[in-house]
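Enquirer: In our numbering, the protein residues as written are 199 to 678.
Starting off with a structure, shown below.
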């Protein structure tokens, strides 16, 4: 039977006279039906909110949790296997005990159910307390990473492929990316970062490349040192690529628009979000309670900058994704939720990312035109036979509207395109979607426009707005 609301107390009662000795409870759990009916699966409302983003990649198990507080309390994937009652859990990094309820198999099934490519992070010998595994003690961690890769993609004739089959999934999962550690430039800086560059990453890279030459191995740091020491970046050894984590003010995301234009290294953007109001607010300062409108527009500018460098940036990830309104440590997330599914809220950022991800490009196209205050990228989707333009208007002169004219080579007069424009209903750059109010400040307007006699699509974008234009008439195969 369904409870009338989420404010309930669960109790177990028993007759002490009938109990012989001590009663031990190992696992007590209540959970609603799951996404795709998976045993120990995802909450349906949360999974559907994530699926609605049109995702294509899943990076797990995430950031600090992978490292752990000490070198003895990191996320050990082998502890997450098997029945829930046998999973020990471990000391969490966000001031609470961390369960292993969501284990490696559940992550893999999540990716399978949403058709996501996997980027799996492996523990690399650096803990949040700055503890570093010495070079002569690193090999067991490398072996453990190779075991994990074998569990994911190995045949049933292998040791860990057999274990995966015993747990109900004989078919290997698809794996293309492995990330070594998490933010190894941060904990214990500079010692952790130096050890990573000197021996930890090279040793993992060599071993994984030898055993799995088809995998892309990712450094948990970038060629640009995020700490701010411009000369302390990582000359990432080939064929590895880097990972960049910008948690920034909206203005700073915009300032970094050209950051990767001439960078010779490949990178993923493994974590990104507008987390701070403009003006230099620090982490300990007064931050916003939820993603707010101008933060989403700043993220749109960043997404444009990453997509126009898609030849070197194979994927971008918002982080963190979820915030439990009943217990949280990080305010800015894509989706907020509580026990009551009615409180599940898609943030302002959700609508921006959904719009861009919902119009994927298979190829980017060269563009001509001025940038700032209009930031944009153009491309094509060969699968659909369409042309696509994505843009964001940020900090226009005197908050004026921006006239836009988009012309693609070969487009004839009268060609139709669908324009989707995101604006702020409240005209307040600090407006946000509040799960306690159930409001949505994002206005989405769709219209069909035609190319003029010169083949140009013309429209206007207000200050702090986001737009996508995609041709609707199916075209013949693209040339060149």
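Glycine is no exception: its CB is placed at the ideal position from the N, C-alpha and C atoms.
All of these numbers come straight from a predicted model, not from anything done at the bench.
If the criterion is Cβ atoms closer than 8 Å, does the pair residue 266 and residue 325 meet it?
Expert: The residue you call residue 266 lines up with position 68 of the chain shown. The residue you call residue 325 lines up with position 127 of the chain shown. It is a contact, given that the beta carbons lie within the stated cut-off.
Enquirer: In three-state DSSP terms, what is residue 498?
Expert: As a position in the chain shown, residue 498 is number 300, starting the count at 1. Three-state result, residue 498: helix.
Enquirer: How is residue 475 classed by DSSP in three states: helix, strand or coil?
Expert: Taking the first residue of the chain shown as 1, we reach residue 475 at position 277. Three-state result, residue 475: coil.
Enquirer: Less than 8 Å between the CB atoms is what I'm expecting for residue 466 and residue 441, so what's the real figure, rounded?
Expert: In the chain shown, residue 466 corresponds to position 268, counting from 1. In the chain shown, residue 441 corresponds to position 243, counting from 1. Yes, residue 466 and residue 441 are in contact; Cβ-Cβ is about 5 Å, under 8 Å.
Enquirer: Per DSSP, residue 335 is paired with what?
Expert: Position 137 of the chain shown, counted from the first residue, corresponds to residue 335. According to DSSP, residue 335 bridges with nothing at all.
Enquirer: Can you round the beta-carbon distance between residue 264 and residue 273 to whole angstroms, since I take them to be within the 8 Å contact cut?
Expert: For the purposes of this step, residue 264 is taken as residue 66 along the chain shown, with counting starting at 1. For the purposes of this step, residue 273 is taken as residue 75 along the chain shown, with counting starting at 1. Residue 264 to residue 273, Cβ: 5 Å. Contact.
Enquirer: Among residues of its own chain, excluding the 5 on either side of residue 543, which ones have a beta-carbon nearer than 6 Å to its beta-carbon?
Expert: Taking the first residue of the chain shown as position 1, residue 543 is located at position 345. Once the five neighbours on either side are set aside, the close Cβ partners of residue 543 are 534, 631, 633.
Enquirer: With respect to the beta strand (DSSP E) encompassing residue 589, which residues constitute its N-terminal and C-terminal limits?
Expert: The count along the chain shown starts at 1 and reaches residue 589 at position 391. Element bounds for residue 589: 584-591.
Enquirer: When we look at the beta-carbon of residue 293 and count the other beta-carbons within 10 Å, is it buried (16 or more) or exposed?
Expert: Translated into positions along the chain shown, residue 293 becomes position 95. Under this definition residue 293 is an exposed residue.
Enquirer: What residue ranges within the segment 439-477 form continuous alpha helix (DSSP H) runs of no fewer than 4 residues, ordered along the chain?
Expert: Here the runs fully enclosed are 448-453.
Enquirer: Could you say which of 646, 345, 584 lies nearest to residue 276 if we only look at CA atoms?
Expert: The residue you call residue 276 lines up with position 78 of the chain shown. Residue 345 is the option with its Cα nearest to residue 276.
Enquirer: Which residue wins for smallest C-alpha separation from residue 471, given the options 495, 457, 289, 361?
Expert: Counted from its first residue, the chain shown places residue 471 at position 273. The residue with the shortest Cα to Cα distance from residue 471 is 495.
Enquirer: Thinking C-beta only, is residue 414 closer than 8 Å to residue 329?
Expert: Looking up residue 329 in the chain shown gives position 131. Looking up residue 414 in the chain shown gives position 216. No, the pair does not count as a contact, with Cβ atoms beyond the cut-off.
Enquirer: Given residue 650, which residues of its chain have a CB within under 8 Å of its CB, disregarding the five upstream and five downstream residues?
Expert: Against the chain shown, residue 650 aligns to sequence position 452. Counting only Cβ-Cβ distances below 8 Å, and skipping sequence neighbours, we find 611, 656.
Enquirer: Note down, one range per segment and in chain order, each beta strand (DSSP E) of at least 3 residues found wholly within the segment 377-417.
Expert: If we require 3 residues or more, the beta strand (DSSP E) runs fully inside the segment 377-417 come out as 414-417.
Enquirer: Can you confirm whether residue 329, when its beta carbon is compared against all beta carbons of chain B, has any partner nearer than 8 Å?
Expert: Protein chain content of the structure displayed is limited to a single chain, and chain B is not contained in it.
Enquirer: Alpha carbon to alpha carbon, what distance is there between residue 399 and residue 319?
Expert: By one-based count along the chain shown, residue 319 stands at place 121. By one-based count along the chain shown, residue 399 stands at place 201. Roughly 13 Å between the two C-alpha positions.
Enquirer: For the structure I just gave you, are there three or more beta carbon pairs, one from the segment 598-613 and one from the segment 574-587, closer than 8 Å?
Expert: They touch, by the three-pair rule.
Enquirer: Per DSSP, what kind of secondary structure is residue 371 in: helix, strand or coil?
Expert: The sequence position of residue 371 within the chain shown is 173, counting from 1. The answer is coil: DSSP assigns residue 371 none of H, G, I, E or B.
Enquirer: Can you check whether the CB of residue 549 is closer than 8 Å to the CB of residue 642?
Expert: Position 444 of the chain shown, counted from the start, is the residue given in the question as residue 642. Position 351 of the chain shown, counted from the start, is the residue given in the question as residue 549. Closer than 8 Å, so yes.
Enquirer: Please report the straight-line C-alpha distance between residue 423 and residue 207, rounded to a whole angstrom.
Expert: Start at 1 with the first residue of the chain shown, and residue 423 comes out as number 225. Start at 1 with the first residue of the chain shown, and residue 207 comes out as number 9. So the alpha carbons of these two residues sit roughly 49 Å apart.
Enquirer: Considering only DSSP beta bridges, list what residue 263 is partnered with.
Expert: By one-based count along the chain shown, residue 263 stands at place 65. DSSP, once it has assigned bridges, lists no residue as partnering residue 263.
Enquirer: Kindly indicate which residue of 569, 483, 664, 538 has the alpha-carbon position closest to the one of residue 202.
Expert: In the chain shown, counting from the first residue as 1, residue 202 sits at position 4. The shortest C-alpha separation from residue 202 is found at 538.
Enquirer: On the premise that residue 648 lies in contact with residue 614, defined as a C-beta separation below 8 Å, what is that separation, rounded to the nearest angstrom?
Expert: Position 416 of the chain shown, counted from the start, is the residue given in the question as residue 614. Position 450 of the chain shown, counted from the start, is the residue given in the question as residue 648. Residue 614 to residue 648, Cβ: 6 Å. Contact.
Enquirer: Just verifying my parser: in three-state terms, what is the DSSP assignment at residue 209?
Expert: Residue numbering aside, residue 209 sits at position 11 when the chain shown is read from its first letter. Residue 209 falls in the coil class under three-state DSSP.
Enquirer: What do you reckon, are the CB atoms on residue 439 and residue 418 nearer than 8 Å?
Expert: To locate residue 439, count along the chain shown from 1; it is residue 241. To locate residue 418, count along the chain shown from 1; it is residue 220. Contact flag unset, no.
Enquirer: For residue 639, does the count of other Cβ atoms within 10 angstroms reach 16, so buried, or fall short, so exposed?
Expert: To locate residue 639, count along the chain shown from 1; it is residue 441. It counts as buried.
Enquirer: Is residue 448 closer than 8 Å to residue 493 when the C-beta atoms are compared?
Expert: Against the chain shown, residue 493 aligns to sequence position 295. Against the chain shown, residue 448 aligns to sequence position 250. Closer than 8 Å, so yes.
Enquirer: Relative to the alpha-carbon of residue 619, which residue among 586, 393, 658 has its alpha-carbon at the smallest distance?
Expert: Here residue 619 corresponds to residue number 421 of the chain shown, with the count starting at 1. Of the listed residues, the one whose Cα sits closest to residue 619 is 658.
Enquirer: Specify, as a first and last residue, the run of the beta strand (DSSP E) that residue 225 falls within.
Expert: Within the chain shown, numbered from 1, the residue matching residue 225 stands at position 27. Run containing residue 225: none; DSSP gives neither H nor E here.
Enquirer: Using DSSP with H/G/I as helix, E/B as strand and the rest coil, what is residue 356?
Expert: In the chain shown, residue 356 corresponds to position 158, counting from 1. Three-state result, residue 356: coil.
Enquirer: Among the candidates 608, 660, 395, whose CA atom is the shortest distance from the CA of residue 653?
Expert: For the purposes of this step, residue 653 is identified with residue 455 of the chain shown, where counting begins at 1. Minimum Cα distance to residue 653 is reached at 608.
Enquirer: If we ignore side chains and look at the alpha-carbon of each, how far apart do residue 500 and residue 356 end up?
Expert: For the purposes of this step, residue 500 is taken as the residue at position 302 of the chain shown. For the purposes of this step, residue 356 is taken as the residue at position 158 of the chain shown. Their backbone Cα atoms lie some 43 Å apart in a straight line.
Enquirer: Would you kindly check if the distance between the Cβ of residue 311 and the Cβ of residue 233 is under 8 Å?
Expert: Working through the chain shown from its first residue, we reach residue 233 at position 35. Working through the chain shown from its first residue, we reach residue 311 at position 113. Yes. Within cutoff.
Enquirer: May I ask which residues mark the beginning and end of the alpha helix (DSSP H) holding residue 545?
Expert: For the purposes of this step, residue 545 is taken as the residue at position 347 of the chain shown. Element bounds for residue 545: n/a, residue is neither H nor E.
Enquirer: In this structure, what does DSSP give as the bridge partners for residue 579?
Expert: One-based indexing of the chain shown puts residue 579 at position 381. Residue 579 is bridged to 584.
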